[in-house]
Amino acid sequence: MKFFSSNTGNFKSVLKKYFSFKNETTSLEPLSEFLEAIKKAEFTDILNFFKQNQNFAENFRYYLHKIFSGKPFNLSLTEASILSENAFVPELKKRILNKILPPVEHENTVWYLIDNVSFRPKKDLEYFQNLPDNELNELMQILGIADFIKSPKVKNELVFSMNILSWRVTGMALEVEVIKMAPEYRNFDNPFLALQNELESLAEDFNKKPQHQLNSKDSHYKQIKIYIQQCLDFVNIAFKNSSKYGISGKINHSLLKIRQQVSRILEILNLLVIDNEQDVIIKSKQLIFNILIYKSHKNNVRDLVNDSTTLISHLITSHTAETGSGYITSSPKEYFKMFRKAAGGGVIVGALCILKMIYSYIPGSEFSHAFLYSFNYVMGFVMIFLMGFALATKQPSMTATTMARVLSDVKNTKRNYWDFAHLVSKLFRSQFIAFMGNVLMSFPVAMIIIYALDVLLGINLATEKSDKFLKNLNFITSSSIAQGALTGVYLFISGIISGSVGNKTVFFKIPQRIEKNPLITNTFGHHFAKRLSSFYARNWAGIMSYLWLGVLMGITASVGSFLGLNIDTKHISFEAGNLALGIYGQGFNVDLKTILMGVSTVFLIGFANFSVSFGLSMLLAFRSRKITSLEIRKIISHIIKYFGKNPVIFFFPIRSILDENAKKLIKETTKSEDQLN
2 MKFFSSNTGN FKSVLKKYFS FKNETTSLEP LSEFLEAIKK AEFTDILNFF
52 KQNQNFAENF RYYLHKIFSG KPFNLSLTEA SILSENAFVP ELKKRILNKI
102 LPPVEHENTV WYLIDNVSFR PKKDLEYFQN LPDNELNELM QILGIADFIK
152 SPKVKNELVF SMNILSWRVT GMALEVEVIK MAPEYRNFDN PFLALQNELE
202 SLAEDFNKKP QHQLNSKDSH YKQIKIYIQQ CLDFVNIAFK NSSKYGISGK
252 INHSLLKIRQ QVSRILEILN LLVIDNEQDV IIKSKQLIFN ILIYKSHKNN
302 VRDLVNDSTT LISHLITSHT AETGSGYITS SPKEYFKMFR KAAGGGVIVG
352 ALCILKMIYS YIPGSEFSHA FLYSFNYVMG FVMIFLMGFA LATKQPSMTA
402 TTMARVLSDV KNTKRNYWDF AHLVSKLFRS QFIAFMGNVL MSFPVAMIII
452 YALDVLLGIN LATEKSDKFL KNLNFITSSS IAQGALTGVY LFISGIISGS
502 VGNKTVFFKI PQRIEKNPLI TNTFGHHFAK RLSSFYARNW AGIMSYLWLG
552 VLMGITASVG SFLGLNIDTK HISFEAGNLA LGIYGQGFNV DLKTILMGVS
602 TVFLIGFANF SVSFGLSMLL AFRSRKITSL EIRKIISHII KYFGKNPVIF
652 FFPIRSILDE NAKKLIKETT KSEDQLN
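For the sequence shown, the numbering used here gives the first residue as 2, with consecutive numbering after it.
As structure tokens, this is what we get:
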């Protein structure tokens with residue numbers, strides 16, 4: 002078969018070759034060549050040729066009816082562009098395989114015909130969609146397919162397709178895990194069963210009266226539409242409840258599949274509704290387009306990824322955002338409270354810098370060092386979290402979600418954009434003071450501890466490592482900024498882990514299981530079980546987030562050494578402590594230029610930590626909230642203008658008339674989220 006236009010002549014030569022006589026062939030080559038040929042011609046010329054040469058039109062019409070006659074098209078309506086597997090990964094594998102090696106379809110189906118006639122279905126679809134309606138209608142009339150939607154066989158195929166989809170939907174919707182997602186429907190009749198019964202009744206009517214024509218006033222049509230809307234409402238409520246109950250990948254996939262199939266039933270139903278003569282050709286044409294659209298998207302990987310991951314990313318960011326608003330300071334009191342929390346984190350980080358340096362002196366393999374460094378980070382980070390202190394760069398992955406939630410929930414007005422810009426200034430100064438708290442304490446604590454060890458042991462432990470510390474704190478000659486950006490990626494991943502664990506905690510009801518566990522209650526008592534349950538609910542997601550952040554930061558250098566790559570992590574708080582160790586290791590014999598370079602590099606690393614983690618978190622949050630690029634551009638322009646007018650407010654808690662408006666944005670957002678739950 003010839004798929005490429007270079008192998009075909011103009012449309013006249015193709016028609017003369019195959020349709021100057023009554024062609025009895027069932028080969029698809031004539032149609033394939035004709036399709037390629039007409040793309041190179043003016044469509045009006047094609048119409049004029051058929052009008053002036055009725056025999057060619059009749060022969061071509063005969064050929065079309067012959068190759069399509071008796072071939073069912075229900076697969077194109079019930080399978081194409083609808084999820085076929087029960088989970089994301091199997092569906093992804095299937096679509097990738099189908100793209101590389103298309104499946105072999107049954108030859109006696111319209112699905113097979115389209116696959117073998119149209120080698121580039123998307124481009125062919127675009128070609129026909131761009132044709133003027135009147136010209137395309139005229140061609141359909143010439144070919145005798147302008148009213149095929151009225152054919153009893155076509156109507157039976159459409160009704161049969163709706164019933165197939167309804168049977169599948171009902172089976173999935175009655176699964177226990179799916180029903181649990183919408184407890185609001187427990188006291189109502191199941192809309193999926195009602196839809197199935199109504200469609201079966203419609204099928205009986207068409208069997209009894211093959212010429213029966215559905216219209217918009219028909220009771221069947223009205224009732225089916227009501228049930229379809231109720232089914233879609235069920236899915237929407239289930240998705241909304243996911244923020245309250247959590248959700249698994251399997252249920253997410255099932256709900257997506259249910260929504261796709263119910264929506265497809267509605268699309269098919271609308272094709273059957275004929276209110277006037279104009280609707281006949283419109284619906285006939287729409288059926289053709291629908292089949293081509295479904296076929297052109299049946300193996301689309303991007304659509305699958307977008308549909309399947311949007312809700313999961315929304316859930317991750319929703320659970321992460323529960324603590325996000327707590328990192329945005331409003332009043333001077335909150336501002337300095339954030340400083341104290343960050344200072345507490347800085348004290349622990351200063352001690353961790355000393356411990357990591359000591360671990361580096363212990364002889365051992367790369368694996369042993371990776372284990373020790375990971376243990377050091379994990380121990381310190383979990384301590385910071387459980388003691389209520391703050392690690393400055395850990396906050397962006399939390400706050401980004403809160404910001405995106407505000408953006409998606411508030412009305413898109415110029416005033417709200419200004420209020421949001423002010424909210425960004427509050428976030429920025431909160432991050433700034435958190436940076437300062439970490440840095441201003443990690444530096445002196447590391448200096449004090451190394452001095453104390455020097456006095457106690459009589460050895461300056463930092464001497465051997467001081468050159469390395471100071472060289473790494475030169476952003477011109479080292480890769481410290483890139484390593485800071487890598488740390489930002491890890492911070493983002495830790496935020497993802499926090500949201501994912503939070504979602505699973507809610508979905509599997511782990512705290513409730515702990516509280517009601519007979520082994521725990523019988524051994525330690527109900528009071529202990531309740532306290533353990535409360536501790537798990539409050540802290541487990543954070544602990545796992547910090548644990549994996551520590552592991553990732555701890556193993557990077559060793560993995561890089563194994564691969565022969567110069568990669569490591571750089572965190573602003575740790576590098577401030579390392580600067581102290583570098584200066585002390587040199588016996589304070591360090592020139593001013595080196596110190597200034599070190600300080601500059603520390604804050605550039607902090608900027609890389611913040612910008613990468615915050616940026617990635619915002620992208621995920623924007624995607625989960627379906628915020629458009631136009632909205633993003635508008636808000637960025639307002640933030641830049643606001644910074645130009647009020648730069649100081651981005652660093653210090655200066656009172657503003659917009660303070661109350663910013664508070665309302667967060668309150669309204671929280672309220673709207675609660676309503677969804």
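Even glycine gets a Cβ: it sits at the ideal position worked out from N, Cα and C.
Let me know the secondary structure DSSP gives Leu520 once reduced to three states.
Indexing the sequence shown from 1 puts residue 520 at position 519. Leu520: helix per DSSP, three-state reduction.
Expressed to the nearest angstrom, what Euclidean distance is found between the alpha-carbon atoms of Ile511 and Arg121?
Sequence index remark: in the sequence shown, residue 511 carries index 510 (1-based). Sequence index remark: in the sequence shown, residue 121 carries index 120 (1-based). Taking the straight line joining both Cα atoms gives about 50 Å.
Please classify Val236: is it buried, with 16 or more other beta-carbons within 10 angstroms of its beta-carbon, or exposed?
Taking the sequence shown and counting its residues from 1, the one referred to as residue 236 is at position 235. Flag for Val236 reads buried.
Tell me which residues share the same chain as Ala542 and place their Cβ nearer than 6 Å to its Cβ, disregarding the 5 neighbours each side in the sequence.
Taking the first residue of the sequence shown as 1, we reach residue 542 at position 541. Around Ala542: Ser499, Val502 and Gly503.
Residue interval of the alpha helix (DSSP H) (run including Asn49)
The residue labelled residue 49 in the question sits at position 48 within the sequence shown. Judged by DSSP secondary structure, Asn49 falls within the alpha helix (DSSP H) whose first and last residues are Phe44 to Gln53.
Does the pairing of the stretch 50-59 with the stretch 263-282 give three or more beta-carbon distances under 8 Å?
With the cut-off at 8 Å, the stretch 50-59 and the stretch 263-282 do not touch.
Excluding the 5 residues preceding and the 5 following Phe644 in the sequence, name in chain order all residues of the same chain whose CB lies nearer than 7 Å to its CB.
Reading the sequence shown from its first residue, position 643 is the one you call residue 644. In chain order, Phe651 place their CB closer than 7 Å to the CB of Phe644, counting only its own chain and leaving out the 5 sequence neighbours on each side.
Would a C-beta distance cut-off of 7 Å place Ala703 and Leu356 closer than the cut-off?
This structure cannot speak to residue 703, because the chain is shown only from 2 to 678.
Residue environment, Leu16, which counts as buried when at least 16 other CB atoms sit within 10 Å:
Counting from 1 along the sequence shown, the entry for residue 16 is found at position 15. Leu16 is classed as buried because its beta carbon has at least 16 other beta carbons within 10 Å across all chains shown.
Taking all protein chains shown into account, do 16 or more other C-beta atoms lie within 10 angstroms of the C-beta of Glu37, making it buried, or fewer, making it exposed?
The residue labelled residue 37 in the question sits at position 36 within the sequence shown. Under a 10 Å Cβ-count criterion, Glu37 is classified as buried, with 16 or more other Cβ atoms of the shown protein chains found around its own Cβ.
At 4 residues or longer, and completely inside the stretch 570-623: list those alpha helix (DSSP H) runs for me, N to C.
Runs of the alpha helix (DSSP H) inside the stretch 570-623: 573-586.
With 16 other CB atoms within 10 Å as the buried threshold, where does Ile477 fall?
By one-based count along the sequence shown, residue 477 stands at place 476. Label assigned to Ile477: exposed.
Coil, strand or helix - Leu553 by DSSP
The residue given as residue 553 occupies position 552 in the sequence shown. When secondary structure is reduced to three states using DSSP, Leu553 falls in the helix class.
Can Leu617 and Phe493 be called in contact, C-beta distance under 7 Å?
What you label residue 617 is simply residue 616 of the sequence shown in a count that begins at 1. What you label residue 493 is simply residue 492 of the sequence shown in a count that begins at 1. Contact: yes.
Do you know how far the Cα of Leu137 is from the Cα of Gly145?
Within the sequence shown, residue 145 is the residue found at index 144, counting from 1. Within the sequence shown, residue 137 is the residue found at index 136, counting from 1. Taking the straight line from one Cα to the other gives about 12 Å.
Should Met358 and Ser431 be called a contact, given that it needs their Cβ atoms to be closer than 7 Å?
By 1-based counting over the sequence shown, the position of residue 358 is 357. By 1-based counting over the sequence shown, the position of residue 431 is 430. The beta carbons of Met358 and Ser431 sit no closer together than 7 Å.
Taking the alpha carbon of Leu441 as the point to measure from, which residue in Ile275, Val649, Ala343 and Glu59 has its own alpha carbon closest?
Counting from one through the sequence shown, the residue named residue 441 turns up at place 440. The shortest C-alpha separation from Leu441 is found at Ala343.
Proximity winner among Lys251, Asp219, Ala577 and Thr522, relative to Leu353 (alpha-carbon distances)
In the sequence shown, the residue the question calls residue 353 occupies position 352. Ranking Lys251, Asp219, Ala577 and Thr522 by Cα distance to Leu353 puts Ala577 first.
Spell out the partners DSSP gives Gly155 in its beta bridges.
Your numbering for residue 155 matches position 154 in the sequence shown. Looking at the sequence itself, residue 155 is Val, so the reference to Gly does not match. Answer is none; Val155 lacks a bridge partner.
Taking the straight line between their C-alpha atoms, what separation do you get for Ser220 and Ile227?
Residue numbering aside, residue 220 sits at position 219 when the sequence shown is read from its first letter. Residue numbering aside, residue 227 sits at position 226 when the sequence shown is read from its first letter. Distance from the CA of Ser220 to the CA of Ile227, rounded to the nearest whole angstrom, comes to 11 Å.
Would you decide whether Gly459 is buried or exposed? Buried here means 16 or more other CB atoms lie within 10 Å of its CB.
Along the sequence shown, read from residue 1 onward, the residue named residue 459 stands at position 458. That one is exposed.
Apart from the five residues on each side of it in sequence, which residues of its chain come closer than 6 Å, Cβ to Cβ, to Met598?
Position 597 of the sequence shown holds residue 598. Cβ neighbours of Met598 beyond the five flanking positions: Asn475.
Where does Leu215 fall in DSSP's three states?
Here residue 215 is taken as the residue at index 214 of the sequence shown, counted from 1. Strand, per DSSP.
So is Arg96 buried or exposed if we call it buried at 16+ other beta carbons inside 10 Å?
If you number the sequence shown from 1, residue 96 lands on position 95. Classification of Arg96: buried, given that the 10 Å Cβ count is 16 or more.
Would you mind giving the Cβ-Cβ distance between Lys72 and Thr110, rounded to the nearest angstrom? I have them listed as a contact below 8 Å.
Locating residue 72 in the sequence shown gives position 71, where the first residue counts as 1. Locating residue 110 in the sequence shown gives position 109, where the first residue counts as 1. Indeed, because the Cβ distance is near 6 Å, the residues count as touching under 8 Å.
On a Cα-Cα basis, can you pick out the residue from Met163, Tyr362 and Ala558 that is closest to Ile225?
Translated into the one-based positions of the sequence shown, residue 225 becomes position 224. With distances taken between Cα atoms, Ile225 lies closest to Met163.
For Ser369, is the classification buried or exposed, using 16 other Cβ atoms within 10 angstroms of its Cβ as the cut-off for buried?
Start at 1 with the first residue of the sequence shown, and residue 369 comes out as number 368. Classified as exposed, Ser369 has fewer than 16 neighbouring CB atoms from the shown chains inside 10 Å of its CB.
Beta bridge counterpart(s) of Ser274 as assigned by DSSP
Here residue 274 refers to the residue found at position 273 when the sequence shown is read from its first residue. Sequence check: residue 274 is Val here, not Ser. In DSSP, Val274 forms a bridge with Leu215.
Could you tell me if Pro192 is buried or exposed, where buried requires 16 or more neighbouring beta carbons within 10 angstroms of its beta carbon?
Numbered from 1 along the sequence shown, position 191 holds the residue referred to as residue 192. When all chains shown are included, Pro192 counts as buried.
contact_flag[the stretch 419-426, the stretch 592-609] where n(CB pairs < 8 Å) is 3 or more
Segments in contact, no.
Can you tell me which of Phe382, Asp116, Leu631 and Phe653 puts its alpha carbon nearest to the alpha carbon of Ser297?
To locate residue 297, count along the sequence shown from 1; it is residue 296. Nearest in C-alpha terms to Ser297, of all of Phe382, Asp116, Leu631 and Phe653, is Asp116.
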